[in-house]
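In the working numbering, the protein residues as written are 9 to 467. Ideal Cβ placement from N, Cα and C applies to all residues, glycine included.
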C-alpha cells in the first residue's frame, strides 16, 4: 500500500470516527449526561470557578515540586494544550466547511463539555498516584486502572495518548509553527525546527518545576497578546460585530441564508464541523487535560473540577470566539480559503501588512505551549507503562519528533493524529460514565465541608 492509499484509508476511518454517528454524539451525550447529573454545575458554580482562577493568577507562583503544582499552574498547563492550532486554524476550517453557524454548535459542545471536563479533573484528583521517584502523577490510565479496575483498557489509552500527543501530535504542532514562520518571515523550516527542539529539550529536562513555571507565564501572555490583536481588528470593524453574530445564529439553522450561498453548507455540516472542531480544541472528554489537573495541590478534588471548567470557557468562549469574530467581521469568507490561511487573511485585512506576522507569532505561542502540555500529558503515561526510568528516552524521542515534524508536510501525519486522538477518547468516556457517581459524591463532600469565606485552593 502506497502513502496516498494509506492516507486515504486513515482519512476514511476518521470521517466515521469523528462523524455524526460515533464520537460526536458520544462526547456531546456524555456532556449532557453530566450536566444533568451535576445539576448544571457549569452555571450553578461558574462564579466560584471564575473566582478560583482569576483570584489566583500569578506569573511567578511557587515552584512546583514532587507533591505537584499550584491549581493555577495546573490550569495553565491544561490551557497550554487546549489553546493551540485549533483556535487559529481549526475554527477557520469549521467556518469554511460548515458556515458561520458552526460557531453556534461549537458553543453548544463547549457548554456541555464544561461538565465533562469537570468530572475528568475530579476523578484525576481522586485517583492520583506517585511514581517510583516520589513525584505525584495521574490521569485517565490511573482512574481506569484503580477505579474501573480494567488494566487492559488503561494500557490501550496510555499507548494511544503517547502516540497521539507525545509523538504525532507534537510533529503536527512543530510543522504548523515552521510553516507559518516560513511564509511570514522566510525562515527555513530546519532552522525553526532546530530552535524549537532545543528550547523544548531545555523545558522537558527541567521536569515538572520548569514546565509549570513556563506555562504559568506563557499562557496568560499569549492570550493577552492575541486578544489585543483581535480587539484591535474588531475596533476597526465594530459596525460588523452585530451582523457577524446574526450570521452565527442564522447559520446554525440555515447556513445558506447566513452567507448568501457563498458557503454551500447544510445544517448537518454546520453541526458536524462545529462540534468536532470545538471538541478537538477544548479537549473535553478526550482524556488529555486530567493529567494536569491530577497534580494540582487542592484541599478538595471538587475545587480542581471547578477550575477545569474555566479551561473550556477560556479556550472556546474567549480565544476561539475571537478568531471567529475576526474572520466574520472582516468579510474574508469566500468559500475557497480555509484553515490558517483564512485566519491570516482576516488579520491582514484588519491589521494591514503586519497581520501575517502577528498570526505567525501567535501560532508560535499557541502551538509551542501545546507541545509543552502534550509532552507532559504523554509523559505521565510513559511512567504508567514503563516507570520513571523510561522518561529520559521518551524525552529524546519527542525532541527528535519535534525537529522532524517541522520539515515534514505529510498529510498522513495529520490524519494519524486525528485517528489516535479519537482512539484515546473511547476508553476515557467508558471510565467517566462508570465512575461519574464518585465525582458527584466529591462535590457533595466539598459543599458539606467547605467553610464559606475560606475557599482557599491550596492547603
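Neighbour-count burial assignment, residue i, 16 or more Cβ in a 10 Å radius
i, result
"residue 229", "exposed"
"residue 397", "exposed"
"residue 141", "exposed"
"residue 298", "buried"
"residue 24", "exposed"
"residue 83", "buried"
"residue 348", "buried"
"residue 247", "exposed"
"residue 47", "exposed"
"residue 451", "buried"
"residue 305", "buried"
"residue 391", "buried"
"residue 367", "buried"
"residue 467", "At residue 467, the pLDDT of 40 sits below 50, so the modelled position is not reliable and the matter cannot be decided from this model."
"residue 161", "buried"
"residue 52", "exposed"
"residue 224", "buried"
"residue 318", "buried"
"residue 389", "buried"
"residue 404", "exposed"
Backbone CA spacing between residue i and residue j [nearest angstrom]
i, j, result
"residue 355", "residue 119", "27 Å"
"residue 411", "residue 200", "8 Å"
"residue 343", "residue 253", "19 Å"
"residue 258", "residue 186", "37 Å"
"residue 335", "residue 351", "6 Å"
"residue 27", "residue 425", "16 Å"
"residue 137", "residue 302", "9 Å"
"residue 167", "residue 399", "14 Å"
"residue 346", "residue 322", "24 Å"
"residue 329", "residue 255", "14 Å"
"residue 198", "residue 415", "6 Å"
"residue 59", "residue 11", "51 Å"
"residue 245", "residue 359", "11 Å"
"residue 364", "residue 339", "17 Å"
"residue 63", "residue 49", "20 Å"
"residue 370", "residue 233", "8 Å"
"residue 316", "residue 122", "8 Å"
"residue 243", "residue 236", "10 Å"
"residue 249", "residue 32", "29 Å"
"residue 14", "residue 409", "21 Å"
"residue 78", "residue 445", "26 Å"
"residue 76", "residue 88", "17 Å"
"residue 206", "residue 215", "15 Å"
"residue 300", "residue 202", "27 Å"
"residue 102", "residue 326", "17 Å"
Cβ shell of residue i (< 7 Å), same chain only, five flanking positions each side left out
i, result
"residue 135", "146, 150, 151, 154, 155"
"residue 18", "420, 423, 424, 427"
"residue 265", "258"
"residue 290", "90, 118, 121, 320, 323, 324"
Under the three-state DSSP convention, the category residue i falls into
i, result
"residue 444", "helix"
"residue 144", "strand"
"residue 138", "strand"
"residue 415", "coil"
"residue 37", "helix"
"residue 304", "strand"
"residue 155", "coil"
"residue 77", "strand"
"residue 30", "coil"
"residue 195", "coil"
"residue 130", "helix"
"residue 285", "helix"
"residue 348", "helix"
"residue 295", "coil"
"residue 259", "helix"
"residue 121", "helix"
"residue 338", "coil"
"residue 108", "coil"
Proximal residues to residue i (C-beta, below 6 Å), its chain only, five neighbours per side dropped
i, result
"residue 295", "148, 432, 436"
"residue 413", "179, 182, 183"
"residue 106", "273, 277, 278, 281, 282"
"residue 470", "With the chain represented from 9 up to 467, any question about residue 470 goes unanswered, as that position is not in the structure."
"residue 93", "184, 375"
"residue 35", "287, 293"
Contact with chain D by residue i, beta-carbon distance below 7 Å
i, result
"residue 157", "Of the protein chains in this structure there is only one, and it is not chain D."
Neighbourhood of residue i by C-beta, 8 Å cutoff - its chain only, sequence neighbours within 5 removed
i, result
"residue 21", "427"
Contact between the stretch 374-386 and the stretch 168-187 (3+ Cβ pairs under 8 Å): yes
- prompt: So does the stretch 275-288 actually touch the stretch 86-103, counting three or more Cβ pairs closer than 8 Å?
  reply: yes
- request: Please determine if the stretch 209-218 and the stretch 440-447 are in contact, where contact requires at least 3 C-beta pairs separated by less than 8 Å.
  value: no
query: Three or more C-beta pairs closer than 8 Å, one from the stretch 116-133 and one from the stretch 271-278: is that the case here?
result: no
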